[in-house]
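Please read the structure below before turning to the comments.
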Amino acid sequence: MADAVQTPETAGAAQAERTAGPVSPPARPQQSHRRDEQAVSQFIERFAAQLTEAGMQRMSARVFAALLASDSGTLTSAELGERLQVSPAAISGAIRYLSQVNMVGREREPGSRRDRYRVHSDQWYEALTQRDNMMTRWEGALREGVSALGTGSPAGRRVAETLAFFEFVQGELGGLLERWREHRDKLRAEYEADAPEK
């Protein structure tokens, strides 16, 4: 069989194929971070409704959920008002409550007079720690009640059992929070490992 006739074009292509070396696999596309704002808004309202049913003030619950759902974890009063479609006064009252229960913090923007509100990364841990301190105060009051009522009366036994419950929960809480810190650190390490390269 006769050799194929090489034209200048085919000769150039053959030379490029010989010198190019192995072809690298295509680069792995990085995962893009896209938000469905309607779905995010629905989550904020649904989670806020659950917090409200649990006893939190409705506006405070909405503000907390909005901060929780923001990538930075920080928003200004104006940004919160725009996202939730409420007045600055409503935001101010909600922030006051959330600050009192240590669920958000306030910080000043550098070179600006505007405050930014930040949700604590360990907000549930902080809330439980506050509850631990509260239970200590409750226990003191309950001991006084047991002493006043006496354990021989039905009311005294009821109060004594309430005291025993809080003492039990508080005793278990320390170990529970320690296990949570260990689990949280593992989760954060996994998030860092799975994060796309910038």
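Numbering of the sequence shown is given in this note's numbering, commencing with residue 417 and proceeding in unit increments. Ideal placement from N, C-alpha and C gives every residue a C-beta, glycine not left out.
Here's a check: name, in chain order, each residue in its chain whose Cβ is nearer than 8 Å to the Cβ of residue i, leaving out the five neighbours to either side.
| i | result |
| --- | --- |
| A515 | Contrary to the premise, residue 515 reads as Ser rather than Ala in this sequence. So the qualifying residues of the chain are G521 and R522. |
| V585 | M551 |
| E583 | E555 |
| W596 | Y541 |
| G471 | none |
| L483 | G489, T490, L491, L496, V520, Y533, R534 and V535 |
Does the distance from the CB of residue i to the CB of residue j come in under 8 Å?
| i | j | result |
| --- | --- | --- |
| T468 | R462 | no |
| L544 | L558 | no |
| A455 | V479 | no |
| A481 | A464 | yes |
| D548 | L496 | no |
| S508 | S493 | yes |
| V575 | G561 | yes |
Over the uninterrupted alpha helix (DSSP H) stretch that includes residue i, give me the two end residues.
| i | result |
| --- | --- |
| D610 | P570 to D610 |
| A465 | E453 to E469 |
Identify, in the order they occur along the chain, each residue of the same chain with its Cβ nearer than 6 Å to the Cβ of residue i, setting aside the five sequence neighbours on each side.
| i | result |
| --- | --- |
| L593 | none |
| D601 | none |
| A571 | L565 |
| H536 | E542 |
| V421 | For V421, the predicted structure reports a pLDDT of 48, less than 50, and the residue's modelled location is therefore unreliable. A value from the coordinates is still provided. Result list for V421: empty, nothing under 6 Å. |
| E598 | none |
Which residues in the same chain as residue i place their Cβ atom closer than 7 Å to its Cβ, once the five residues preceding and following it in sequence are excluded?
| i | result |
| --- | --- |
| E525 | R532 |
| Y513 | Q473 and S476 |
| T490 | R532, Y533 and R534 |
| A485 | V456, F459 and I460 |
| P424 | No answer about P424 holds up, because its pLDDT of 47 lies below 50 and its placement is not dependable. |
| Q546 | V517 and N518 |
| R573 | T567 |
| S563 | none |
| R530 | T492 |
Give the list of continuous beta strand (DSSP E) stretches no shorter than 3 residues that lie fully inside the region 472–501. 490–492
Mind pulling the beta strand (DSSP E) runs of 3 or more residues that sit fully within the region 516–542? 520–524 and 531–535
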